[in-house]
Amino acid sequence: ETGVTQTPRHLVMGMTNKKSLKCEQHLGHNAMYWYKQSAKKPLELMFVYNFKEQTENNSVPSRFSPECPNSSHLFLHLHTLQPEDSALYLCASSQAQGARLGYGYTFGSGTRLTVV
Amino acid sequence: SQQGEEDPQALSIQEGENATMNCSYKTSINNLQWYRQNSGRGLVHLILIRSNEREKHSGRLRVTLDTSKKSSSLLITASRAADTASYFCATDADAGNMLTFGGGTRLMVKP
Chain A
1 ETGVTQTPRH LVMGMTNKKS LKCEQHLGHN AMYWYKQSAK KPLELMFVYN
51 FKEQTENNSV PSRFSPECPN SSHLFLHLHT LQPEDSALYL CASSQAQGAR
101 LGYGYTFGSG TRLTVV
Chain B
1001 SQQGEEDPQA LSIQEGENAT MNCSYKTSIN NLQWYRQNSG RGLVHLILIR
1051 SNEREKHSGR LRVTLDTSKK SSSLLITASR AADTASYFCA TDADAGNMLT
1101 FGGGTRLMVK P
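Those sequence lines, one after another, are chains A and B. Sequential numbering from 1 applies to the first sequence in the numbering used here. Sequential numbering from 1001 applies to the second sequence in the numbering used here.
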């Protein structure tokens, strides 16, 4: 365990379903991130939260809706997804936002999402 | 956004051999990080090297940074089958002060 826990590990959903991914960290980190990892593509940053406030939305379609109720929890709400949204969704946290500060990211194990 | 680019994309070696992976980037950086990802799992932070450092060691890992060539290398010495994974470099070169990742090198170490 890395200290960042993601649930569920696997999720199969239909295009009309609504589901949520959950991420939890108790590392005392203040920044949390959602990444999408598709086959043969670099990691794509989706959303960034710093002290519970969203600071980055990387042009993500509105069918993905993040929620950060506190610094320890991050959700990704999914609705009316497309098959091309099938991917590994990774949550990460760091002590602070700002890559130039040089803090490493701690990643969860990811949720393998399949949209059918 | 700026990304590091790893080279080679895939590498296959025998156990006990050394593995070298390279990362190139395009604009100036403050630091560069290396991560490992086992198949279907999350990324694990391996090592960070700052722009004023040229070399860093951690166990069997050796990272070098050449800011004049905008490149970094990760050397794994005396490789083991358990080192089989994808390795990613990440830089802070993004204008938005975000960590951006390259496409990774897939390393296979055969027993």
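In this text, a Cβ means the ideal position worked out from N, Cα and C, and glycines have one as well.
Using three-state DSSP, classify residue 1007 of chain B as helix, strand or coil.
-> Walking along the second sequence from the start, residue 1007 of chain B turns up at place 7. Of the three classes helix, strand and coil, the one that applies to residue 1007 of chain B here is strand, per DSSP.
Pick from B/1101, B/1093, B/1075, B/1106 that is closest to residue 1086 of chain B, judged by C-alpha positions = Residue 1086 of chain B sits at position 86 when you count from the first residue of the second sequence. With distances taken between Cα atoms, residue 1086 of chain B lies closest to B/1106.
State buried or exposed for residue 1042 of chain B, treating a residue as buried only when at least 16 other CB atoms are found within 10 Å of its CB.
-> If you number the second sequence from 1, residue 1042 of chain B lands on position 42. Buried: at least 16 other Cβ atoms inside 10 Å.
Nearest candidate by alpha-carbon position, reference residue 1110 of chain B, set B/1101, B/1018, B/1061 = For this step, residue 1110 of chain B is matched to residue 110 along the second sequence. Comparing Cα-Cα distances from residue 1110 of chain B to each of B/1101, B/1018, B/1061, the minimum goes to B/1018.
For my contact list, residue 1073 of chain B and residue 1021 of chain B are in at a C-beta cut-off of 8 Å; report their separation, rounded to the angstrom.
-> Position 73 of the second sequence, counted from the first residue, corresponds to residue 1073 of chain B. Position 21 of the second sequence, counted from the first residue, corresponds to residue 1021 of chain B. Sure, about 7 Å apart at Cβ, within 8 Å.
From B/1053, B/1102, B/1032, B/1062, pick the residue whose C-alpha is nearest to that of residue 101 of chain A; which is it?
-> Here residue 101 of chain A refers to the residue found at position 101 of the first sequence. Comparing Cα-Cα distances from residue 101 of chain A to each of B/1053, B/1102, B/1032, B/1062, the minimum goes to B/1032.
Comparing alpha-carbon positions, which option in B/1010, B/1036, B/1012, B/1015 lies nearest residue 1090 of chain B?
-> Position 90 of the second sequence, counted from the start, is the residue given in the question as residue 1090 of chain B. Closest in alpha carbon position to residue 1090 of chain B, among B/1010, B/1036, B/1012, B/1015, is B/1036.
Identified DSSP bridge partners for residue 7 of chain A = In the first sequence, residue 7 of chain A corresponds to position 7, counting from 1. Paired residues: A/22.
Residue 76 of chain A by DSSP, collapsed to three states: which one?
-> As a working note, residue 76 of chain A is residue 76 in the first sequence. Looking at residue 76 of chain A - three-state DSSP - the assignment turns out to be strand.
So what does DSSP say about residue 31 of chain A, is it helix, strand or coil?
-> The residue labelled residue 31 of chain A in the question sits at position 31 within the first sequence. When DSSP states are grouped into helix, strand and coil, residue 31 of chain A belongs to the strand group.
Buried or exposed: which applies to residue 47 of chain A, given that a residue is buried once 16 or more other Cβ atoms fall within 10 Å of its Cβ?
-> For the purposes of this step, residue 47 of chain A is taken as the residue at position 47 of the first sequence. Per the 10 Å Cβ criterion, buried.
What beta strand (DSSP E) runs, 3 residues minimum, are completely inside the segment 77 to 106 of chain A?
-> 87 to 94
Going along chain A, which residues have a C-beta under 9 Å from residue 1097 of chain B?
-> Against the second sequence, residue 1097 of chain B aligns to sequence position 97. Correct list: 97, 98, 99, 100, 101.
Residue 1083 of chain B - DSSP class collapsed to helix/strand/coil = Reading the second sequence from its first residue, position 83 is the one you call residue 1083 of chain B. In this structure, residue 1083 of chain B counts as helix in the three-state DSSP scheme.
Taking 8 Å as the cut-off, decide whether the C-beta atoms of residue 75 of chain A and residue 11 of chain A are in contact.
-> As a working mapping, residue 75 of chain A is identified with position 75 in the first sequence. As a working mapping, residue 11 of chain A is identified with position 11 in the first sequence. Taking 8 Å as the Cβ cut-off, residue 75 of chain A and residue 11 of chain A do not qualify as a contacting pair.
For the segment 31 to 46 of chain A, which residues have a CB atom closer than 7 Å to at least one CB atom of chain B, in sequence order?
-> 42, 43, 45
Residues of the segment 1013 to 1042 of chain B with Cβ closer than 9 Å to any Cβ of chain A, in chain order | Answer set for the segment 1013 to 1042 of chain B: 1029, 1030, 1031, 1033, 1035, 1037, 1040, 1041, 1042.
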